[in-house]
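In full-length UniProt numbering, the protein residues as written are 1 to 83.
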């Protein structure tokens, strides 16, 4: 599991950002992608969700947002995209 990634934002997309850490780009789905700008140094708190044949990283500006995401994700009928 990962707690956070710290690196340089290289892509900002309507649904995700890419953060480069040690030469590796990680695609992270985030509810606030436009809070980041290309070339900025950033720390993104992440939660890794594994479903069937897919691993997805969800990213947040703060640990509190990550904790809220995890609590919502525990509610029956609410999946990661809804949370």
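For glycine and all other residues, C-beta sits at the position ideal for the given N, C-alpha and C.
### Query
Distance, Cα to Cα, residue 43 vs residue 4?
For the purposes of this step, residue 43 is taken as residue 43 along the chain shown, with counting starting at 1. For the purposes of this step, residue 4 is taken as residue 4 along the chain shown, with counting starting at 1. Going from the Cα of residue 43 to the Cα of residue 4 covers about 7 Å.
### Message
Out of 65, 2, 39 and 28, which one is the CA nearest neighbour of residue 8?
### Response
Taking the first residue of the chain shown as position 1, residue 8 is located at position 8. Among 65, 2, 39 and 28, the Cα nearest to that of residue 8 is on 39.
### Task
Could you pull out every residue in the same chain whose Cβ sits closer than 7 Å to the Cβ of residue 62, ignoring the five residues on either side in sequence?
Locating residue 62 in the chain shown gives position 62, counting from the first residue. Excluding its 5 nearest sequence neighbours in each direction, residue 62 has C-beta neighbours in its own chain below 7 Å: 45, listed in chain order.
### Own chain, CB closer than 8 Å to residue 33, minus 5 neighbours either side, in chain order
Here residue 33 refers to the residue found at position 33 when the chain shown is read from its first residue. If you ignore the 5 residues before and after residue 33, its C-beta comes within less than 8 Å of the C-beta of 12, 13, 14, 15, 16 and 17, all in its own chain and listed in chain order.
### Query
According to DSSP, is residue 42 helix, strand or coil?
In the chain shown, residue 42 corresponds to position 42, counting from 1. In the structure shown, residue 42 sits in a strand (DSSP, three-state: E or B).
### Query
If you run the structure through DSSP and keep just helix, strand and coil, what is residue 4?
Within the chain shown, numbered from 1, the residue matching residue 4 stands at position 4. Of the three classes helix, strand and coil, the one that applies to residue 4 here is strand, per DSSP.
#### Entry: Reference residue 27, options 35, 1 and 59, closest by Cα
Translated into positions along the chain shown, residue 27 becomes position 27. Considering only alpha carbons, the answer is 59.
#### Entry: Short Cβ contact (8 Å threshold) for residue 23 with residue 10
Locating residue 23 in the chain shown gives position 23, counting from the first residue. Locating residue 10 in the chain shown gives position 10, counting from the first residue. No, they are not a contact pair.
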